[in-house]
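Below is one structure, written out as structure tokens; the observations come after it.
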Amino acid sequence: SMLRSRDICNVAHINAALKRCKQFKSSEAADAVLQIMEEKTMCPNIVTCTTMAALGNIERRCEDAMAWATLQHPLVHDLKLTMNQVCFNEAIRAAAGLRQPEMALEFLRQGQAMGNARDKSSFQSFSNVKTVTTVIKTFCGCKK
Numbered sequence: 032s033m034l035r036s037r038d039i040c041n042v043a044h045i046n047a048a049l050k051r052c053k054q055f056k057s058s059e060a061a062d063a064v065l066q067i068m069e070e071k072t073m074c075p076n077i078v079t080c081t082t083m084a085a086l087g088n089i090e091r092r093c094e095d096a097m098a099w100a101t102l103q104h105p106l107v108h109d110l111k112l113t114m115n116q117v118c119f120n121e122a123i124r125a126a127a128g129l130r131q132p133e134m135a136l137e138f139l140r141q142g143q144a145m146g147n148a149r150d151k152s153s154f155q156s157f158s159n160v161k162t163v164t165t166v167i168k169t170f171c172g173c174k175k
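Here the sequence shown is numbered in the working numbering, starting from 32 and rising by one per residue.
Laid out in structure tokens, this is it:
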């Protein structure tokens, strides 16, 4: 159904709409949702960032994905957000798409260091095979 600006009341609504955009792989619709967010002077949160990073990676817009994942996108770079496990995973995927193996490895290390400093279970994905394999494939120059 058609998304109407008046139906969006808070950032949770924005994030729900963005998740639908990701599901349908529609960056055009996501851009429209972000425009509504800006018009209503809402601040994106970490879920907004990770959803947009994932959409960028899905659509092979890796520079955009990297900006969202590393919280450097113009809509968020002034906010006091901190990268979380999903941010690091999306940054690794973006680095792979950009064929930047050293960058992918650095994000893996940063994520592991953050996991060691916090509750290990919250950063388990940094020891998972898929994340490490993405980094290795980047070094090999293989496509995912």
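A virtual CB, placed ideally from N, CA and C, is assigned to each residue, including glycine.
Values in this document were obtained by computation on a predicted structure and should not be read as measured data.
Contact under 8 Å by Cβ, residue i with residue j
{"i": "T169", "j": "A127", "result": "yes"}
{"i": "A96", "j": "N88", "result": "yes"}
{"i": "L86", "j": "K111", "result": "no"}
{"i": "S58", "j": "R91", "result": "no"}
{"i": "C185", "j": "L102", "result": "Because the chain is modelled from 32 through 175, residue 185 falls outside the range shown and cannot be assessed."}
{"i": "L49", "j": "E94", "result": "no"}
{"i": "L106", "j": "L65", "result": "yes"}
Whole-angstrom C-beta distance between residue j and residue i, which should lie under 8 Å
{"i": "C118", "j": "A84", "result": "7 Å"}
{"i": "V166", "j": "I123", "result": "6 Å"}
{"i": "T72", "j": "N46", "result": "That pair is no contact at about 16 Å."}
{"i": "L139", "j": "T162", "result": "7 Å"}
Endpoints, the alpha helix (DSSP H) within which residue i is located
{"i": "N88", "result": "I77 to I89"}
{"i": "N120", "result": "Q116 to G128"}
{"i": "T109", "result": "Looking at the sequence provided, one finds Asp at residue 109 rather than Thr. Note, D109: premise wrong, no alpha helix (DSSP H); not H, not E."}
{"i": "M68", "result": "S58 to E70"}
{"i": "C52", "result": "V42 to Q54"}
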